[in-house]
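Chains as they are written, first to last, in the numbering used here: chain X, 324 to 589; chain P, 324 to 589.
Every residue, glycine too, gets a C-beta built ideally from N, C-alpha and C.
In this text, all values refer to a predicted model and were calculated from it rather than measured experimentally.
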């Protein structure tokens with residue numbers, strides 16, 4: 324049953340307060356480390372995920388839309404006007420519904436690698452939108468897990484969750500510990516071919532690499548600088564996507580998607 | 324030589340005035356139909372393109388950066404303070420430089436198709452960012468031209484130009500005239516295999532389609548509804564990208580990039 328809220332100061336709405344500031348960077352001091360889902364698609368995915376939902380806040384129409392998904396959920400659904408929601412949250416919510424959840428711990432990296440056949444390994448992906456897009460592509464193209472190396476943003480930041488269409492809540496991820504080549508050695512010990520994606524002309528093309536049927540770890544660097552030399556040198560293979568002359572490299576999420584598709588269909 | 328401007332009302336800056344409003348939609352009444360390039364990367368690409376540059380406006384540092392590119396250019400470069408630029412343009416420009424150009428006419432579609440081996444055909448891509456990303460991917464992956472069907476946004480809108488990294492200025496494009504199946508018949512008469520990208524399970528996979536070495540037209544629909552039935556039925560082939568179960572389709576620009584890469588390396 325929905326709980327109707329008419330007072331914007333109601334403490335039950337504290338999870339949702341001032342999202343533009345306090346919760347902007349849950350990984351930073353002042354953030355609360357909550358997972359925030361926006362919109363019915365993402366909220367539905369949150370409910371279906373392993374993350375424990377704390378509370379939902381939405382306009383009546385969104386409650387009605389989500390009602391079939393709420394039957395097994397213990398978390399309260401607060402219904403309020405769009406106006407009251409905007410005052411609490413700090414901006415007008417086009418999507419009309421929010422949910423919060425606590426973070427969860429995934430299994431340690433080594434254990435995670437035992438359960439998947441492909442993994443994306445990111446280095447320096449500090450842009451929340453690129454990170455969200457990489458998760459969306461990984462989920463769609465069947466990549467089993469994402470490992471986050473140095474300089475990566477928090478995938479559970481609100482904007483990443485939104486851009487990923489909530490798929491960051493589906494694809495397991497873990498931090499990459501130790502410096503190169505240690506992570507590559509761990510991946511190799513688990514049977515992965517460590518494959519660095521790079522625009523370098525000396526790299527073999529994705530097609531020549533023959534990744535079909537292998538367990539593959541795809542290393543992706545940040546747009547601009549790309550992978551560090553240490554990462555490139557730790558890889559078993561350096562592969563490139565053939566590009567037209569004179570054009571900048573692709574967006575990191577797009578390049579990753581092309582590699583993921585090659586692994587999936589290879 | 325740079326021309327120093329100190330009066331924000333100087334009529335020589337009229338091309339750059341109130342970009343957030345008047346020039347927001349050059350395809351709409353009140354817009355001036357100019358091409359606007361922002362930032363050194365995109366401005367450099369504009370200068371190298373077929374579009375006739377009208378004027379440039381930037382801070383001194385950007386003029387110095389671009390000086391080597393300006394030698395054959397007759398258009399004036401106005402140098403102003405960041406503050407004056409913000410007052411003229413209507414917002415603070417992170418990128419510090421703008422250029423305007425007139426639009427140009429490309430050859431008619433039939434003639435354009437004689438000069439390329441691959442083409443992206445878009446239907447209902449009304450989102451300027453998706454459109455810009457599609458051009459960026461087309462340029463990087465060697466797609467020869469883009470054809471714009473019904474419901475497509477203007478690729479020369481400022482945001483599309485920016486998201487494309489200026490590649491909309493490099494890849495020829497044309498409108499698609501007539502309704503299906505006429506455009507497909509034109510494409511076939513020019514030797515193209517008309518290939519519709521769709522998530523339908525009945526479609527063959529991109530890999531099974533065996534597009535290697537063929538002249539291919541890739542039909543891409545809008546996110547959400549996808550291609551119209553008329554477009555799907557007009558195609559020679561319906562192809563899909565294999566997806567993990569339970570996940571929404573990919574972003575249209577990303578799906579397109581996977582198809583473009585398949586054609587390029589196939």
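(request) Under 8 Å between beta-carbons, which chain X residues line up against residue 398/P? List them in chain order, please. (result) The sequence position of residue 398/P within the second chain is 75, counting from 1. By Cβ distance, chain X contributes nothing, its closest Cβ being about 22 Å from residue 398/P, past 8 Å.
(request) With a cut-off of 8 Å on the beta carbons, I'd call residue 540/X and residue 518/X a contact; round off their distance for me. (result) Here residue 540/X corresponds to residue number 217 of the first chain, with the count starting at 1. Here residue 518/X corresponds to residue number 195 of the first chain, with the count starting at 1. The pair is a contact, with the Cβ atoms about 6 Å apart (cut-off 8 Å).
(request) Give a yes or no on whether 8 Å exceeds the smallest Cβ distance from residue 476/P to chain X. (result) Taking the first residue of the second chain as 1, we reach residue 476/P at position 153. Chain X contact via Cβ: absent.
(request) May I ask you to report which of helix, strand or coil DSSP gives residue 586/P? (result) Residue 586/P sits at position 263 when you count from the first residue of the second chain. Helix.
(request) Assess, as a yes-or-no matter, whether the stretch 498-511 of chain P is touched by the stretch 419-430 of chain P under the definition of 3 or more beta carbon pairs within less than 8 Å. (result) no
(request) Name the residue from 448/X, 339/X, 408/X whose alpha carbon lies nearest to the alpha carbon of residue 473/X. (result) What you label residue 473/X is simply residue 150 of the first chain in a count that begins at 1. Closest option to residue 473/X, Cα to Cα, is 448/X.
(message) Taking 8 Å as the threshold (C-beta atoms), are residue 543/P and residue 491/P in contact?
(response) Your numbering for residue 491/P matches position 168 in the second chain. Your numbering for residue 543/P matches position 220 in the second chain. No, the Cβ-Cβ distance between residue 491/P and residue 543/P is not below 8 Å.
(request) Would you be able to state if there are at least three C-beta pairs under 8 Å between the stretch 553-562 of chain X and the stretch 406-423 of chain X? (result) no
(request) Kindly indicate the opening and closing residues of the alpha helix (DSSP H) around residue 363/X. (result) By one-based count along the first chain, residue 363/X stands at place 40. Note, residue 363/X: alpha helix (DSSP H), 363-371.
(message) Assuming the contact rule is C-beta atoms closer than 8 Å, residue 270/P and residue 414/P should be a hit. Round their C-beta distance to whole Å, please.
(response) This structure leaves residue 270/P out entirely; chain P is present only between 324 and 589.
(request) Work out the CA separation of residue 410/P and residue 336/P for me, nearest whole Å. (result) Here residue 336/P is taken as the residue at index 13 of the second chain, counted from 1. Here residue 410/P is taken as the residue at index 87 of the second chain, counted from 1. Distance between the alpha carbons of residue 336/P and residue 410/P is about 11 Å.
(request) Could you have a look at residue 351/P and say whether DSSP puts it in helix, strand or coil? (result) As a first step, residue 351/P is located in the second chain; it is residue number 28 there, counting from the start. No answer about residue 351/P holds up, because its pLDDT of 47 lies below 50 and its placement is not dependable.
(request) Could you name the residues of the same chain whose beta carbon sits closer than 6 Å to that of residue 586/X, not counting the 5 residues immediately before and after it, in chain order? (result) Position 263 of the first chain, counting from 1, holds the residue named residue 586/X. Around residue 586/X: 441, 534, 539.
(message) Using a Cβ distance threshold of 8 Å, determine whether the stretch 355-363 of chain P contacts the stretch 394-401 of chain P, with at least three qualifying pairs required.
(response) no
(message) As an exercise, report each continuous alpha helix (DSSP H) stretch of at least 4 residues that is fully enclosed by the stretch 472-525 of chain P, in chain order.
(response) 481-486, 505-512
(request) Say whether chain X places a C-beta atom closer than 8 Å to the C-beta of residue 369/P. (result) Against the second chain, residue 369/P aligns to sequence position 46. Answer no: the Cβ-Cβ gap between residue 369/P and chain X never drops below 8 Å.
(message) Let's test the definition: count the other Cβ atoms within 10 Å of the Cβ of residue 514/P and tell me whether it reaches 16, buried, or not, exposed.
(response) As a first step, residue 514/P must be located in the second chain, where it is residue number 191. By the 10 Å Cβ count, residue 514/P comes out exposed.
(request) Report the three-state DSSP secondary structure of residue 420/X (helix, strand or coil). (result) To locate residue 420/X, count along the first chain from 1; it is residue 97. In this structure, residue 420/X counts as strand in the three-state DSSP scheme.
(request) Starting from the beta carbon of residue 570/P, find every residue of chain X whose beta carbon is closer than 7 Å, and list them in chain order. (result) Numbered from its first residue, the second chain carries residue 570/P at position 247. By Cβ distance, chain X contributes 462, 463, 490.
(message) According to DSSP, residue 325/X sits in a beta bridge with which residue or residues?
(response) Locating residue 325/X in the first chain gives position 2, counting from the first residue. DSSP lists 400/X as partners of residue 325/X.
(request) State yes or no: is the beta carbon of residue 603/P nearer than 8 Å to at least one beta carbon in chain X? (result) In the structure displayed, chain P extends from 324 to 589; residue 603/P sits before or after that span and is not available.
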